[in-house]
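Residue numbers (our numbering), protein chains in the order written: chain C, 1 to 263; chain Z, 264 to 552; chain U, 553 to 894. We put the CB at the ideal spot given by N, CA and C, even for glycine. Below: the structure, in structure tokens.
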Amino acid sequence: MLRADGLSLRFGGLQVLDDLSLTVGEGRIVGLIGPNGAGKTSCFNCLTGIYQPQAGRVSFDGRDVSRLPTHRRAAAGMARTWQNLGVIDSLTVTENVMLAQHQRTGYSAVAGLLGLGGTWLRERELRRDAAEIIDYFGLGEVAGVRASELPYGVRKTCDMAMALASDPKMLLLDEPASGLSPEEAHDLAGTLRELRDRLRLTILMIEHHVPLVAEVCDYVYVLNFGRLLTEGRPAEIQRHPEVIAAYLGGAAATAEGGEDGTA
Amino acid sequence: MGAFVALGLFQGAVYGLLAVGIVMVYKAKRAFNFAQGEFGGIAAFCAYLLIVALGLPYWVGAVGGLAAAVAMGLLVERAIVRPLESSSRTILLVALVGVALFAIAVTVLLAEPVPRVLPPLVEGGGVDILGAGIQPQQLILLAVLAVLAGALAWFFRTDLGLAVLASSQDTLAARVVGISPEAVSRLVWGMAALVGGVAGLLYAPVGIFTPGFMTATMLVPAFAAAVLGGMTSVPGAFIGGISIGIVQNAGIYLLGQQWQVPGASQLSVFALLMLVLLIRPQGLLGKEA
Amino acid sequence: MSATTLVLTRVRVRTHLGLVVRVALILAALALVALPLVFGGDVWAQRVSRAAIYAVIGLSINTLTGHAGQISLGHQAFVGIGAFSSAFMASRLGAPFGFGLAGAALAGTVTALIVGMVALRVKGLYLALVTLAFGLTAETTIFNWREFTGGGAGAFAPRSALVESDLAYALLCLAVLVVVLYTDWRLVSTKAGRALTAVRNDERIASTLGVDVTGYKLGAFCFSGLVAGLAGGLFAHWNQVVQALDFEFQVALLWVLMAVVGGLRSRLGIVIASSFFALLPLVLPNFLAGLPWQPPFLNEAVYHVLPPFLVVLMLLVVLRFFPGGIGQLLAPVTRFVKGAKR
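This is how it looks when you write it as structure tokens:
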């Protein structure tokens, strides 16, 4: 489904990603882990086209998307969530979800501007679809509330609802479990599996929460200093001595700020 | 052509002077001070009032004018900048545009919008430089600019200057080190206003002046100078000002006189500004991309 | 059982009453506009035209600054180019009135598109600076280009026979305003509005949601320029003479403040603020002359600067106390008129 070959990204003298390759098969749930500053979010930014890597290719759904701008990759079926949330504060939950439906509105912006007949009908349909998604995520009560007035957890759910509303083939989730309680994280695992099984979504996620990774991921890539440290099934990874060393040693070494927090 | 270059050099000195004030505010507050020109406007009008209308000695007028500019700077800081601390920078920019318009409106209200002449600091005939008649006033301007730019560049290396910079990066850190951000803010605006006032006082006698003259003709070239210098560099603003002055006058000569293009002076400044922003947005001496 | 029916009827009665009040409010607002048109004669017809033109300009700024979050301090250039284009087509080429207006809209669109392409590279405060410099350059260069604008004397912009009278012209301006209001309403209610909100807030998020950020930014510039150019065309034929003096850079600054005072993204607020500033310079002299006590330093110049003076005072009040502008003040009323739902 998604393939990255030899991604290399530099900011000035800083090598953020170094010859990184990974593959996510259709219908798989794949984890991307690593200490802070390892380049996980930068990797997402390269995959979605927000950063243009100096070297490497990205192919998605059987075609090369390396040169496509972000919004075209989104249109091809890539949806992502953000570590510090991709909801628009000034919009309500419903409006946020409808915003995420952008590429499947089925009418042009100019037609909407002129208020042509079909657009009214489509708007009503989109609103109905949005309500369905909102209900699925249990956000019905806050559908009309501005995102800025909602607590973090609810906004996080809204972000997830938005990712789904775009009708994607693949989800890229940036720390979906951060800020969740263990119970909520467990529920999330259930949701992710359900999404995969019912909607046949492919999922790539950055996650620190080890139990969640162990529970849902079919395969895990471990990143350290922009390079692939190792890869394998979650059970193998957990026993891997270098991974343990990277997490324990890396936590102190990169504490003074990696690029991950900026996305 | 030589005359135009010489004229540009001296014209550029004023741009540089204003640009230094713009750079100070930007360095400390990350704000674009669109009211910078009017500090000079207010200074010129107050000096005119004291010297010509009231017949007081020149130095009284000059000090009075500068005092008025600084007072305006502090007022702007207290009444506009501080309350809008948490607003977006665009809102602050709109408010500062408002301040400029307000100052122009006040000068028109209090003094009719007729052209005025402020006597120069030093009387006497012009000097011939590269075929252009340069007034002594303009020589003084250039000297003042050089001295000021040097002094300010030095200032930003002193403890106080570094504190000003620190407060722009991180108010909390500055507070921990024992510097009140409010005091820094007052200092910056006061100094910017003083520099603007000096520019107005020295420039007004070069020609005639009307309400809003600094904003209408000087503000955009001064900003262009600041941008060319990298927006955060005091020496850069100095060099930028001179460069803009020369480019502008070369433009007037080439486009205006040779090809009869209307508005050649604005056009050449605009073209240079665009070139800088599109090709080298960090300017000549800027640190950030 | 009967209690429920009672409640139901009461609810229905209340909604009926609410509807009546709402319709009455809307009719009253329309009457307020119609009154001067019907009883005010040519003088008020001219004033209403001017107010409508200003409102169109305010909405044009609203599209760019309010919806797309792009600041423009050189809007008078778009309006001015529209005005001169229309005048040029009408007086030099003898083109029909409608073509002149279309040409004005086109000229505004193209100019805004060029500035918009710059805005793709130059952002935020720097864009404000560039647009200010552009406005100044347009004012001194394009508007003083004798072949196009007639130089200092200005260009004539005769009206066509159909809208010769001031009343007919006022109706035309109001009609344009209604169309622009309608498109603004549809804009915010459809995908373009949501996309622009996303672009305004975070371009990266917008792009991962499939929004073509570049396209929408340029589109916002084009639409804003189109509306501004159209307003310029209307302005040209309103005055029937266009001069470079009408489009000084201070005017653009005033318009931006006017839009902020009205409240960005509030149609009603912007229309009210724009009309106020359109009428102020026309009504103020008469008003002041009618006062029993004459302030000492009154002269022509004062009439010229009082509007900027007032707008700045209002701006400061707005920024400090209600950042949403007049629109925020009126929010309870508009919410009621629209019905209780948000």
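U/Val715 versus C/Asp135 - alpha carbon distance: For this step, residue 715 of chain U is matched to residue 163 along the third sequence. For this step, residue 135 of chain C is matched to residue 135 along the first sequence. Between U/Val715 and C/Asp135, the C-alpha separation is close to 55 Å.
For U/Ser752, does the count of other Cβ atoms within 10 angstroms reach 16, so buried, or fall short, so exposed? The sequence position of residue 752 of chain U within the third sequence is 200, counting from 1. The residue asked about is misnamed: residue 752 of chain U is Arg in this sequence, not Ser. Flag for U/Arg752 reads buried.
Could you tell me the alpha carbon to alpha carbon distance between Z/Gln299 and Z/Ile285, rounded to whole angstroms? Along the second sequence, one-based indexing puts residue 299 of chain Z at 36. Along the second sequence, one-based indexing puts residue 285 of chain Z at 22. For the pair Z/Gln299 and Z/Ile285, the Cα-to-Cα distance works out to about 7 Å.
When Cβ atoms are compared, which residues of the stretch 329-359 of chain Z fall closer than 8 Å to chain U? Close to chain U, meaning a Cβ-Cβ distance shorter than 8 Å, are the following residues of the stretch 329-359 of chain Z: Ala342, Ile343, Pro346, Leu347, Ser350, Arg352, Thr353, Ile354, Leu356, Val357 and Ala358.
Considering only residues of the same chain and omitting the five flanking positions on each side of Z/Ala513, which have a CB-CB separation below 8 Å? Here residue 513 of chain Z refers to the residue found at position 250 of the second sequence. Apart from the 5 residues on each side of it in sequence, Z/Ala513 sits with its Cβ closer than 8 Å to the Cβ of Met264, Phe267, Val268, Gly271 and Ser531 in its chain, given in chain order.
To the nearest angstrom, how far is it from the Cα of Z/Cys309 to the Cα of U/Ser712? Position 46 of the second sequence, counting from 1, holds the residue named residue 309 of chain Z. Position 160 of the third sequence, counting from 1, holds the residue named residue 712 of chain U. Between Z/Cys309 and U/Ser712, the alpha-carbon positions lie close to 51 Å from each other.
Could you tell me which chain U residues have their CB closer than 9 Å to the CB of C/Gly112, listed as they occur along the chain? The residue you call residue 112 of chain C lines up with position 112 of the first sequence. By Cβ distance, chain U contributes Arg738, Leu739, Ser741, Thr742, Lys743, Ala744 and Gly745.
Write down the C-beta distance between C/Arg205 and C/Leu32 rounded to the nearest angstrom, noting that I regard them as a contact closer than 8 Å. Taking the first sequence and counting its residues from 1, the one referred to as residue 205 of chain C is at position 205. Taking the first sequence and counting its residues from 1, the one referred to as residue 32 of chain C is at position 32. The amino acid occupying residue 205 of chain C in the given sequence is Met; Arg does not appear at that position. At roughly 7 Å, the Cβ-Cβ gap stays under 8 Å, so C/Met205 and C/Leu32 are in contact.
Applying the 10 Å Cβ sphere with the 16-neighbour rule, what's the burial state of Z/Leu541? Stepping through the second sequence from its first residue, residue 541 of chain Z is reached at position 278. With fewer than 16 other beta carbons inside 10 angstroms of its own, Z/Leu541 counts as exposed.
Please name the residues in the stretch 522-544 of chain Z whose beta-carbon is closer than 9 Å to at least one beta-carbon of chain U, in chain order. Here the close residues are Val524, Pro525, Gly526, Ala527, Ser528, Gln529, Leu530, Val532, Phe533, Ala534, Leu536, Met537, Leu540, Leu541 and Pro544.
Within its chain, find whatever has a CB closer than 6 Å to the CB of C/Asp218; leave out the 5 residues flanking it on each side and keep chain order. As a position in the first sequence, residue 218 of chain C is number 218, starting the count at 1. Arg28 and Ile29.
Note down the Cα distance separating C/Thr262 from C/Thr191, rounded to an integer number of angstroms. The sequence position of residue 262 of chain C within the first sequence is 262, counting from 1. The sequence position of residue 191 of chain C within the first sequence is 191, counting from 1. For C/Thr262, the predicted model reports a pLDDT of 36, less than 50, meaning its position is unreliable; a value from the coordinates is still stated below. Approximately 27 Å between the Cα atoms of the pair.
Taking a Cβ distance cut-off of 7 Å, strictly less, list which residues of the stretch 274-297 of chain Z are near chain U, in chain order. Residues of the stretch 274-297 of chain Z with a C-beta atom less than 7 Å from some C-beta of chain U are Phe295, listed in chain order.
Locate the alpha helix (DSSP H) running through C/Phe133, then write down its first and last residues. Within the first sequence, the letter at position 133 stands for residue 133 of chain C. The sequence shown places Ile at residue 133 of chain C, rather than the Phe named in the question. It spans Gly117 to Tyr136 - the alpha helix (DSSP H) in which C/Ile133 sits, taken as one unbroken run.
Could you tell me which uninterrupted alpha helix (DSSP H) segments, each at least 4 residues in length, are contained entirely in the stretch 431-495 of chain Z, listed from first to last along the chain? Restricted to the stretch 431-495 of chain Z, the alpha helix (DSSP H) segments that are unbroken, complete and at least 4 residues in length are 434-439, 444-466 and 482-491, listed in chain order.
How would you list, in chain order, the residues of chain Z whose beta-carbon sits under 8 Å from the beta-carbon of U/Leu868? Stepping through the third sequence from its first residue, residue 868 of chain U is reached at position 316. Residues of chain Z with a Cβ closer than 8 Å to the Cβ of U/Leu868 are, in chain order, Ala342, Ile343, Ala358 and Gly361.
Beta-carbon of U/Thr886 versus every beta-carbon of chain Z: anything under 7 Å? Counting from one through the third sequence, the residue named residue 886 of chain U turns up at place 334. Not closer than 7 Å to any Cβ of chain Z, the Cβ of U/Thr886 fails to qualify, so no.
Give the secondary structure of C/Leu171 by DSSP, where H, G and I count as helix, E and B as strand, and everything else as coil. Along the first sequence, one-based indexing puts residue 171 of chain C at 171. If DSSP states are grouped into helix, strand and coil, C/Leu171 belongs with the strands.
Test: U/Ser601 CB closer than 7 Å to a CB of chain C: Within the third sequence, the letter at position 49 stands for residue 601 of chain U. Not an interface residue.
Delimiting residues of the beta strand (DSSP E) encompassing C/Met98: Position 98 of the first sequence, counted from the first residue, corresponds to residue 98 of chain C. No beta strand (DSSP E) contains C/Met98, which is instead part of the alpha helix (DSSP H) from Val93 to Ala100.
Could you have a look at C/Thr230 and say whether DSSP puts it in helix, strand or coil? The residue labelled residue 230 of chain C in the question sits at position 230 within the first sequence. Note: C/Thr230 maps to strand in three-state DSSP.
So what does C/Tyr221 bridge to, in DSSP terms? Numbered from 1 along the first sequence, position 221 holds the residue referred to as residue 221 of chain C. Per DSSP, C/Leu32 and C/Glu231.
How would you write the range of the beta strand (DSSP E) that C/Leu7 sits in, first residue to last? Here residue 7 of chain C refers to the residue found at position 7 of the first sequence. In the DSSP assignment, C/Leu7 falls within the beta strand (DSSP E) that extends over Leu2 to Phe11.
Interface partners of U/Pro860 on chain Z, CB under 8 Å: Within the third sequence, numbered from 1, the residue matching residue 860 of chain U stands at position 308. Result: Leu364, Phe365, Ile367 and Ala368.
Thinking just about the alpha-carbon of each residue, which of U/Leu579, U/Trp697 and U/Ser601 is nearest to the one in U/Ala930? Because residue 930 of chain U is not part of the residues shown, which for chain U are 553 to 894, the question remains open.
Say the cut is 6 Å; is the CB of U/Leu589 nearer than that to a heavy atom of the ligand MN? Of ligands this structure carries none, so the ligand MN is not represented either.
Z/Glu551 versus Z/Gln545 - alpha carbon distance: The residue labelled residue 551 of chain Z in the question sits at position 288 within the second sequence. The residue labelled residue 545 of chain Z in the question sits at position 282 within the second sequence. Note that Z/Glu551 scores a pLDDT of 48, beneath 50, so its modelled location is shaky; the value from the coordinates is reported in the next line. Each residue's Cα considered, the two are about 6 Å apart.
For Z/Ala294, does the three-state DSSP call read helix, strand or coil? Counting from one through the second sequence, the residue named residue 294 of chain Z turns up at place 31. Residue state, collapsed to three classes: coil.
Starting from U/Gly687, trace the alpha helix (DSSP H) in both directions and tell me its first and last residue. Locating residue 687 of chain U in the third sequence gives position 135, where the first residue counts as 1. Note, U/Gly687: alpha helix (DSSP H), Gly676 to Thr692.
So what does DSSP say about C/Phe60, is it helix, strand or coil? As a first step, residue 60 of chain C is located in the first sequence; it is residue number 60 there, counting from the start. Note: C/Phe60 maps to strand in three-state DSSP.
Measuring only the C-alpha atoms, how far is C/Arg57 from Z/Trp522? Taking the first residue of the first sequence as 1, we reach residue 57 of chain C at position 57. Taking the first residue of the second sequence as 1, we reach residue 522 of chain Z at position 259. In a straight line, the C-alpha of C/Arg57 is about 52 Å away from that of Z/Trp522.
Residue(s) in a DSSP beta bridge with C/Gln15: As a working note, residue 15 of chain C is residue 15 in the first sequence. In the DSSP secondary-structure assignment, C/Gln15 is bridged to C/Arg10.
Let me know the secondary structure DSSP gives Z/Val497 once reduced to three states. The sequence position of residue 497 of chain Z within the second sequence is 234, counting from 1. It is helical.
Using only CA atoms, which one of Z/Ala332, Z/Ala479, Z/Ser506 and Z/Leu457 lies nearest to Z/Ala489? Taking the first residue of the second sequence as position 1, residue 489 of chain Z is located at position 226. When each option's Cα is compared against that of Z/Ala489, the closest is Z/Ser506.
Check C/Thr202 in the structure and name its three-state DSSP category. For the purposes of this step, residue 202 of chain C is taken as the residue at position 202 of the first sequence. It is a strand residue.
Of all the options C/Gly118, C/Gly12 and C/Ala79, which has the alpha carbon lying nearest to the alpha carbon of C/Ala100? Residue mapping note: residue 100 of chain C aligns to position 100 of the first sequence, counting from 1. The shortest Cα separation from C/Ala100 among C/Gly118, C/Gly12 and C/Ala79 belongs to C/Ala79.
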